[in-house]
Amino acid sequence: MKKVILGILVLVFGSVLSADDSGLEISKKKCENGDSGSCILHYRLKFQIEKPNIDKLEKECKKGNMDSCFELSFAYLSGSGVEEDTKKMNEYLNMCCQKDNLMACDLIADAYEMEQNYSKAVEHYEANCNKGYVNSCFSLGSLYSDGDKITQDYKKANDYFSKACDGGDFSGCHNLGVAYRDGTGVKQDIQTALKYFDIACDGEVTEGCETLGSLYYLEDYGVKDYKKALNSYQKACDLRSGVSCYMLSAMFARGEGVAQNLAKAFEYLDKACDLGFEAASCHK
Numbered sequence: 001m002k003k004v005i006l007g008i009l010v011l012v013f014g015s016v017l018s019a020d021d022s023g024l025e026i027s028k029k030k031c032e033n034g035d036s037g038s039c040i041l042h043y044r045l046k047f048q049i050e051k052p053n054i055d056k057l058e059k060e061c062k063k064g065n066m067d068s069c070f071e072l073s074f075a076y077l078s079g080s081g082v083e084e085d086t087k088k089m090n091e092y093l094n095m096c097c098q099k100d101n102l103m104a105c106d107l108i109a110d111a112y113e114m115e116q117n118y119s120k121a122v123e124h125y126e127a128n129c130n131k132g133y134v135n136s137c138f139s140l141g142s143l144y145s146d147g148d149k150i151t152q153d154y155k156k157a158n159d160y161f162s163k164a165c166d167g168g169d170f171s172g173c174h175n176l177g178v179a180y181r182d183g184t185g186v187k188q189d190i191q192t193a194l195k196y197f198d199i200a201c202d203g204e205v206t207e208g209c210e211t212l213g214s215l216y217y218l219e220d221y222g223v224k225d226y227k228k229a230l231n232s233y234q235k236a237c238d239l240r241s242g243v244s245c246y247m248l249s250a251m252f253a254r255g256e257g258v259a260q261n262l263a264k265a266f267e268y269l270d271k272a273c274d275l276g277f278e279a280a281s282c283h284k
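For the sequence shown, the UniProt record's numbering gives the first residue as 1, with consecutive numbering after it.
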């Protein structure tokens with residue numbers, strides 16, 4: 001899953017969301033499975049329902065209850081029950097990190113990245129990745145791949161994307177697919193690229209399905225297959241990719257890989273418009 005850095009977290013806490021039991025439970029389960037974005041959402045919902053008992057949390061934290069320390073960090077981030085204080089937030093995150101809460105360590109690395117202290121960010125991401133926290137592997141891969149914050153190194157980027165992918169971060173699989181498609185840091189290999197895009201798509205990474213569709217649709221890569229393109233675009237459209245819904249519309253209109261069906265073409269065109277894909281020439 002794509003990384004959510006601390007600058008975004010403040011916006012997340014500042015916006016309005018309807019809190020209900022189902023959202024609270026779903027976000028809690030995903031949080032427990034290591035999804036930092038879901039933890040943020042969970043505490044946001046929880047704090048909307050009931051303000052945190054800061055005194056109780058602080059007492060429990062001092063006794064060594066790291067769950068309480070972790071919750072306190074989000075309370076200070078959001079200003080829920082206390083005055084907003086990022087210094088305090090970092091103190092509690094550091095306490096959790098020292099007790100091997102890898103999500104807390106990852107958020108500390110995010111904070112260093114936000115502060116443009118990239119050497120510290122790399123140091124923390126690397127330590128956390130080596131402990132098996134795949135979000136940190138993906139973030140480190142992204143830093144090396146982008147090359148706008150640290151020296152670009154595609155080989156290192158691919159190594160970290162591979163660790164992320166092997167650990168179940170399917171965005172890492174997608175980025176490996178891009179590397180093999182384009183030959184960045186590895187020898188170009190379209191079949192290997194397809195394999196990684198397929199894994200990403202099965203993992204519900206929208207870009208994985210979208211890119212898979214384009215590889216099968218275009219003639220550029222020697223694997224043109226309209227039926228496979230249609231199937232991949234369908235998966236991406238279902239994952240709310242406006243461009244993929246638009247491509248489905250075009251394929252149904254032209255009868256590419258499927259019987260021509262103008263009603264379906266307009267249906268997918270409407271969906272592309274609803275998803276904000278401007279090139280769909282929406283006239284609503």
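Positions of the beta carbon are idealized from the N, C-alpha and C atoms, including for glycine.
Query                                                                                                                                                                      : Result
In this structure, how does DSSP classify Ser78 when only helix, strand and coil are distinguished?                                                                        : helix
Quick check on this structure: which residue in Asn231, Cys129 and Lys271 has the alpha carbon closest to the alpha carbon of Val243?                                      : Lys271
Which residue from Cys96, Gly37, Lys46 and Glu207 puts its Cα closest to that of Ser73?                                                                                    : Cys96
So, under 8 Å CB-CB, Ile108 and His124 are touching, yes? Tell me the CB distance rounded to an integer number of Å.                                                       : 6 Å
Within the same chain, show all residues whose beta-carbon is closer than 7 Å to that of Ala157, passing over the 5 residues directly before and after it, in chain order. : Gly141, Tyr144, Ser145 and Gly185
Taking the straight line between their C-alpha atoms, what separation do you get for Glu25 and His42?                                                                      : 8 Å
Could you spell out the range, first to last residue, of the alpha helix (DSSP H) harbouring Gly208?                                                                       : Thr206 to Tyr217
Over what stretch of residues does the alpha helix (DSSP H) that includes Thr86 continue unbroken?                                                                         : Thr86 to Gln98
Grab the span of the alpha helix (DSSP H) containing Tyr133 for me, first residue to last.                                                                                 : Unbroken run through Tyr133: none, as it is neither H nor E.
Quick one: grab the DSSP three-state call for Asp169.                                                                                                                      : coil
For the alpha helix (DSSP H) containing Ser36, name the first residue and the last one.                                                                                    : Ser36 to Ile49
Report back the beta-carbon spacing between Tyr216 and Lys235 to the nearest angstrom; my notes put them in contact at under 8 Å.                                          : Not really, about 12 Å apart at Cβ, beyond 8 Å.
Is the distance from the Cβ of Cys137 to the Cβ of Gly177 below 8 Å?                                                                                                       : no
Go through its chain and collect everything with a Cβ distance to Tyr92's Cβ below 6 Å, but skip five positions before and after it.                                       : Cys69, Leu72 and Ser73
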